[in-house]
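Mapped onto our numbering, the consecutive letters of the sequence shown carry residue numbers 806 to 1077.
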Amino acid sequence: MFDLTRFSLEGKVAVVTGGGRGIGQAIAMGFAKAGAKVAITSRKINDLEETAAQIKAFGGEAVPIQAHLGKMEGIQAMIDTVMEKFGRIDILVNNAGASPAMASVLDSEERLWETIMNLNMKGLYFISQAAARVMKKQGGGKIINIASIDGFHPERTVSIYSISKAGVRMITKAFASELAEFNIQVNTIAPGPIHTKMMDSHWINFTPEEAAKAKAAAGELVPMGRIGEPDDIVGAAVYFASPASDYTTGTEVVIDGGVLLAPLLNAPGVPI
Ligand SMILES: NC(=O)c1ccc[n+]([C@@H]2O[C@H](COP(=O)([O-])OP(=O)(O)OC[C@H]3O[C@@H](n4cnc5c(N)ncnc54)[C@H](OP(=O)(O)O)[C@@H]3O)[C@@H](O)[C@H]2O)c1
């Protein structure tokens, strides 16, 4: 009979990239509540330290690791630090993502391509490779990649981001296919609009009043009637990280309040 303890992360070590704010922070806190020790990593040490303090405040264990994950040397140093601190990696969440600067396909510059691809695709690929090498030696593990509904349906003026997120979905399938024999499961979560700093960047040139109005209007267009919160992503992440998903690999869960059901929402001027 199925036992609910299969959702527990007790005794596991998890790495959450971009774990200092937004969706990554919510996942890191959820994992810690489910019993995991968490390494949270990104560029800004203050966000990481604040998140680690919040996790410690409810009795969890968290280590902040500062790293630039769009650079190869940053990636290996981050993995080495996790191994020094915890000695193993059971779960990796590739959540860190570059904010998409707005530009049409006619105006996007090479620098934008490199910033986005170096983190969202190249970084994600090689972090997964480094963690998978550890997991293979350990006899198994879980990798969760955060893509986006933009990887299913291109968002206007963020073409490079959309292309990177379609790539993330294929990285999941490629890794899942080759790593199944080592008992490593690899899955994708594809969020729709979620209230975070990245979401707010859509309205960066608006006054606070205009931004609040535009956000509320965007929320009303979502079939579920609201923009999501980071906590809306956590349940699926705990499932993919836990033994409950041991027979699930190469698959994806879309968490978007129904946006993909209504592709006409993605019209000019509608930032979702
Ligand atoms: N919010 C949405 O509506 C939405 C929708 C679909 C998918 N997503 C995806 O969800 C993930 C999390 O995004 P979010 O919305 O929570 O955005 P966010 O609040 O902007 O968080 C992005 C995280 O990535 C980290 N990061 C950015 N560049 C980095 C780098 N070069 N090296 C290391 N860390 C880096 C940031 O930390 P530092 O700045 O400290 O480095 C931050 O912790 C992303 O992959 C995003 O594409 C978000």
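Heads up, the beta-carbon is just placed ideally off N, CA and C, and yes, glycines get one too.
- Sorting Val-939, Lys-970 and Met-834 by C-alpha distance to the C-alpha of Asn-925 places Lys-970 at the top.
- Look at Glu-1025 here: in three-state DSSP terms it is helix.
- With a cutoff of 9 Å on beta-carbon distance, Ile-850 and Gln-830 are scored as not near each other.
- Between Asn-950 and Thr-993 a beta carbon distance of about 5 Å is seen, short of the 8 Å cut, so the two are scored as contacting.
- Rounded to whole angstroms, Asn-899 and Leu-853 show a C-alpha spacing of 16 Å.
- Counting the other Cβ atoms within 10 Å of the Cβ of Phe-1045 gives 16 or more, which makes it buried.
- Taking a cut-off of 8 Å on C-beta distances, the segment 814–821 does not touch the segment 1052–1061, as fewer than three cross pairs fall below it.
- By the neighbour-count criterion, in which a residue is buried when 16 or more other Cβ atoms sit within 10 angstroms of its Cβ, Asp-1061 is buried.
- Per DSSP, the unbroken alpha helix (DSSP H) holding Thr-977 starts and ends at 964–984.
- Counting only the Cα atoms, Lys-947 lies some 8 Å from Met-940.
- For the set Trp-918, Gly-928, Met-975 and Leu-929, the Cα lying nearest the Cα of Ile-965 is the one of Trp-918.
- With fewer than 16 other CB atoms across the displayed protein chains lying within 10 angstroms of its CB, Ser-982 is exposed.
- One alpha carbon belongs to Gly-865, the other to Val-910, and they sit about 45 Å apart.
- For Val-910, the three-state secondary structure derived from DSSP is coil.
- The DSSP-derived three-state label of Ser-847 is strand.
- Lys-947 is bridged by DSSP to Ile-896 and Gln-990.
- Annotation for Ile-884 indicates a beta carbon at 8 Å or more from all heavy atoms of ligand 1.
- Taking non-hydrogen atoms of ligand 1 into account, the C-beta of Pro-998 is found less than 8 Å away from one of them.
- For the options Arg-961, Pro-1048, Trp-1008 and Met-883, the alpha carbon positioned closest to that of Asn-988 is the one of Pro-1048.
- Of the heavy atoms belonging to ligand 1, at least one sits nearer than 8 Å to the Cβ of Ser-953.
- When only Cα atoms are considered, Glu-1034 and Met-806 end up about 33 Å apart.
- Taken through DSSP and simplified to helix, strand or coil, Ile-1032 comes out as coil.
- Excluding the 5 residues flanking it on each side, Gly-1063 has same chain C-beta neighbours closer than 7 Å at Val-1027, Pro-1028 and Met-1029, in chain order.
- The beta carbon of His-958 sits no closer than 8 Å to any heavy atom of ligand 1.
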